[in-house]
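Right, one structure below, let's go through it.
Residue numbers (the working numbering): 2 to 166.
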């Protein structure tokens, strides 16, 4: 009888362990502020927080407007997150914010509320209308093939802070 009780106990432990492992695999990691745009980047949570840190640190704020279910946003996110130079610049030289909702600041939607939209705000809290993408009808949008232009615009935002402010 002791032998069957021990066997039954071991069987229960094994079943419980396997069940716990299956449940653990189904859990998704907690959503971080990066939302897939770069887990090694320090992200701020709100636009107001981003403005505060931009002013305090004398770094430009980079605001990425996107939606989770937008195929264009997902494509841009993928190349953004995979590009080492862009990731390094974002971490070292910018206050970073990605938003999945609009802000109350109308300066962040001068030509519409489309996504993806990437805008730069300098430490004087001025939205840089002179740093745009390649489209005349959606000035602040970038596609995956535009990543070199986005990298150049990031460098431009850094230079402007160093030379103008």
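Where is the CB? At the ideal position from N, CA and C, for every residue including glycine. Note that the coordinates shown come from a computational prediction; the quantities given were computed from them, not determined experimentally.
Item                                                                                                                                                             : Value
Can you give me the Cβ contacts of residue 65 inside the same chain, cut-off strictly under 6 Å, excluding the 5 residues immediately before and after it?       : 99, 119
Got a sec? Which residues, its chain only, sit under 7 Å from residue 94 by beta carbon, not counting five neighbours each side?                                 : 60, 159
Out of 150, 121, 145, 148, point me to the one whose CA is closest to residue 161's CA.                                                                          : 121
Measure the C-alpha to C-alpha separation of residue 112 and residue 41 and round it to an integer number of angstroms.                                          : 31 Å
If residue 63 and residue 82 are in contact, beta carbons under 8 Å, what's the gap, nearest whole angstrom?                                                     : Not quite, the Cβ-Cβ distance comes to about 14 Å (not below 8 Å), so this is no contact.
State the Cα-Cα distance for the pair residue 88 and residue 97, rounded to the nearest angstrom.                                                                : 11 Å
Could you give the DSSP three-state label for residue 90: helix, strand or coil?                                                                                 : helix
Nearest-angstrom Cα distance between residue 153 and residue 34?                                                                                                 : 24 Å
In or out: residue 149 buried (at least 16 other Cβ within 10 Å) or exposed?                                                                                     : exposed
I think residue 78 touches residue 44, with their Cβ atoms under 8 Å apart; what is that distance to the nearest whole Å?                                        : Wrong, their Cβ atoms sit about 13 Å apart, outside the cutoff.
Report the start-end ranges of each alpha helix (DSSP H) in the region 90-116 that is 4 residues or longer and not cut off at the edges.                         : none
Pick out whichever of 126, 125, 155 has its Cα sitting closest to the Cα of residue 133.                                                                         : 155
Suppose the cutoff is 7 Å on Cβ atoms and the five residues either side in sequence are ignored; what does the same chain contact list for residue 69 look like? : 101
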